Structures are given as C-alpha cells and as structure tokens.
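K.L.:
Could you have a look at this structure, given as structure tokens, before my questions?
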Amino acid sequence: MNLVFPYKQLGQKYFPIIPLVLSRGRQVKIAEALVDSGTNISVFNSALAEELGIKIESGEKIVLSSANSHMIGYLHKVKTRLGKAQLNLPIIFTKELTSSFNLLGREGFFNKFIVCFNDGKSKIKLTALN
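Have a look at this one:
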C-alpha cells in the first residue's frame, strides 16, 4: 500500500502533515500530525485525548526535554488508522505542546512504513512494510 500526501501550507511554509484516524472505544476522531523523524514518540495536544475519552493523567507520566524547554505529558497507546493500516501508537498527550500541530514520531510508525519526504514536490510518500 502506497499513500501520498501533499504538504500542508501553514503561513508561508509547507509541512509534511498527514491525517490520522484515532479511536478509543466508540469515540473516533480525525487528527493531523507532522511526520517528524526527529521525534522518538508521538506528542499530541491533550484536547484530543479528552475528546477520545482518555483520562490523560492515567497514563505514564513523561517529562519531555529539549535544548531550551521541558514539558510534562502522559503516555497512552491509541488505536490509529492511516489508510488501511491499523496501528497501535504510543502517544504522549500534553497540555504544554507549543507547536500548532501534533507530532507523529518514529516509534510505532516508522517501523510500519518506508517514509519518503519529497520537499521539492512538497509531498510525503508512505509505503507500508506489510
């Protein structure tokens, strides 16, 4: 299975942001996330967890650090669909996400797809490994 998505324009720049379908019980939500090869585990805004009925603080508490900041989040496994692929993604939900988009990290995703960023054509191609 091959999936190709155009980059999404935010302001004057284009980003490899893709749609995902997340579910928990009967709750289903469509969310967008930046495919980020520099992020180990996906990081999403906590508002999405609340919409899915996830009690955020019931997950494992994680402190995320970067060169100039840190934030607290909670790790959960979330059923996720991308095209026909079914994933069980580890996602850290946080109220402190400073970017305007969710981050889709490597764990649980990059081992399921070959990811090809084509900045010249502003497209991302995902090829399922199964």
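Residues 0 to 129 in numbering that gives the first Met the number 0 are what the sequence shown lists, from first letter to last. For glycine and all other residues, C-beta sits at the position ideal for the given N, C-alpha and C. Note that the structure is predicted; figures quoted are calculated from it, not measured.
By Cβ distance below 7 Å, which residues in the same chain neighbour L69 in space, the five residues on each side in sequence not counted?
P.N.:
Per the sequence presented here, residue 69 reads as His, with Leu not at that position. Same-chain partners within the cutoff: V62 and L63.
K.L.:
Does the distance between the C-beta of D35 and the nearest non-hydrogen atom of the ligand FAD fall short of 7 Å?
P.N.:
Judged by which ligands are present, the structure shown has none, so any question about the ligand FAD falls away.
K.L.:
Please classify V77 as buried or exposed, where buried requires at least 16 other C-beta atoms within 10 Å of its C-beta.
P.N.:
V77 should be labelled buried.
K.L.:
Only counting the same chain, and skipping five residues up and downstream in sequence, which positions put a Cβ closer than 6 Å to that of G58?
P.N.:
Excluding positions up to five away in sequence, the list reads Y73, L74 and H75.
K.L.:
Could you spell out the range, first to last residue, of the alpha helix (DSSP H) harbouring L47?
P.N.:
Per DSSP, L47 belongs to the alpha helix (DSSP H) from S45 to E50.
K.L.:
Exposed or buried, which one is P89 when buried takes at least 16 other CB atoms within 10 Å?
P.N.:
The residue in question, P89, is buried, as its Cβ has 16 or more Cβ neighbours within 10 Å.
K.L.:
Considering only their Cβ atoms, is the gap separating L19 from L47 smaller than 8 Å?
P.N.:
No, Cβ-Cβ distance for L47 and L19 is not below 8 Å.
K.L.:
Can you tell me where the beta strand (DSSP E) holding G72 begins and where it ends?
P.N.:
From DSSP, the beta strand (DSSP E) with G72 extends over H69 to L81.
K.L.:
Given this structure, state the Cα-to-Cα distance separating T126 from K111, to the nearest angstrom.
P.N.:
Going from the Cα of T126 to the Cα of K111 covers about 8 Å.
K.L.:
Are L33 and P15 touching if we call contact CB-CB under 8 Å?
P.N.:
Result yes, Cβ atoms of L33 and P15 sit closer than 8 Å.
K.L.:
With distances taken from CA atoms, which of L102, A30 and I113 is nearest N39?
P.N.:
For the residues L102, A30 and I113, the minimum Cα distance to N39 belongs to L102.
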